[in-house]
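Residue numbers (the numbering used here): 1 to 155. In what follows, a structure is listed as structure tokens, so that the remarks can point back to it.
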Amino acid sequence: MRNRNYIFLLSLLLVLPLVLTPIVDSTFIGMGDTRTPMILQIFAVMLNACLNPILIYGLGSFAGFGIAGAALASCSSRACVMTAGLVLLRAKHGLRLWSGSPLKLSGLTEIVRIGAPAGLSILMYAAVYWALLVVVINPLGGAAVAGLGIGFNVF
1 MRNRNYIFLL SLLLVLPLVL TPIVDSTFIG MGDTRTPMIL QIFAVMLNAC
51 LNPILIYGLG SFAGFGIAGA ALASCSSRAC VMTAGLVLLR AKHGLRLWSG
101 SPLKLSGLTE IVRIGAPAGL SILMYAAVYW ALLVVVINPL GGAAVAGLGI
151 GFNVF
């Protein structure tokens, strides 16, 4: 039980890369660099494929964490890619995360004006996915839910 609590807390801390990685990718794409995010995502998939069996089933005397190990592998691979992406943004484009100056309300309203439509489209996609999951897939059992998750993550 203690391992499960530890993995749960660790996974909560590693959720941030799941949110920030698409932002890093979009920053590269917005700057006209589509190759770097592709390479980073290929690396993330390869790292995830290596970590999943180890963290799910274990290796040697390490027992593994079961399904929590899959979550930990995904979050860890994304954390590595996010960190590498931030380093590359700084090295290739001189991008700084914080300039040290205070945020201006005019800049924030411009960000919201530009980002709100994209955010709403993502929200609509998530709502459709959730409705599909709850209404159609959940009654079919755990294997169907897992298959849907794999399908959405792979394709």
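Where a beta carbon is used, it is the ideal one built from N, C-alpha and C, also for glycine. Nothing here was measured: the structure is a model prediction, and the numbers come from that model.
Please look up how many angstroms separate the CB atoms of residue i and residue j, rounded, as I've assumed it's under 8 Å.
i: residue 37; j: residue 78; result: The Cβ separation is near 13 Å, so there is no contact.
i: residue 85; j: residue 24; result: 4 Å
i: residue 129; j: residue 152; result: 7 Å
For residue i, which three-state DSSP category applies?
i: residue 62; result: strand
i: residue 33; result: coil
i: residue 104; result: coil
i: residue 98; result: coil
When we look at the beta-carbon of residue i and count the other beta-carbons within 10 Å, is it buried (16 or more) or exposed?
i: residue 138; result: exposed
i: residue 69; result: buried
i: residue 97; result: exposed
i: residue 82; result: buried
i: residue 75; result: buried
i: residue 34; result: exposed
i: residue 120; result: exposed
i: residue 51; result: buried
i: residue 140; result: exposed
i: residue 13; result: exposed
i: residue 9; result: exposed
i: residue 105; result: exposed
Taking 8 Å as the cut-off, is the CB of residue i close to at least one heavy atom of the ligand GTP?
i: residue 97; result: Summarising the ligand content, the structure contains no ligands, and the ligand GTP is consequently not present.
Which residue comes first and which comes last in the alpha helix (DSSP H) that contains residue i?
i: residue 137; result: Segment: none, residue 137 is in no alpha helix (DSSP H) and carries neither H nor E.
i: residue 14; result: Element bounds for residue 14: n/a, residue is neither H nor E.
Flag this pair as yes or no: are the beta carbons of residue i and residue j separated by less than 9 Å?
i: residue 108; j: residue 28; result: no
i: residue 158; j: residue 53; result: With the chain covering only 1 through 155, there is no way to say anything about residue 158.
i: residue 65; j: residue 72; result: yes
i: residue 133; j: residue 123; result: no
i: residue 80; j: residue 44; result: yes
i: residue 56; j: residue 42; result: no
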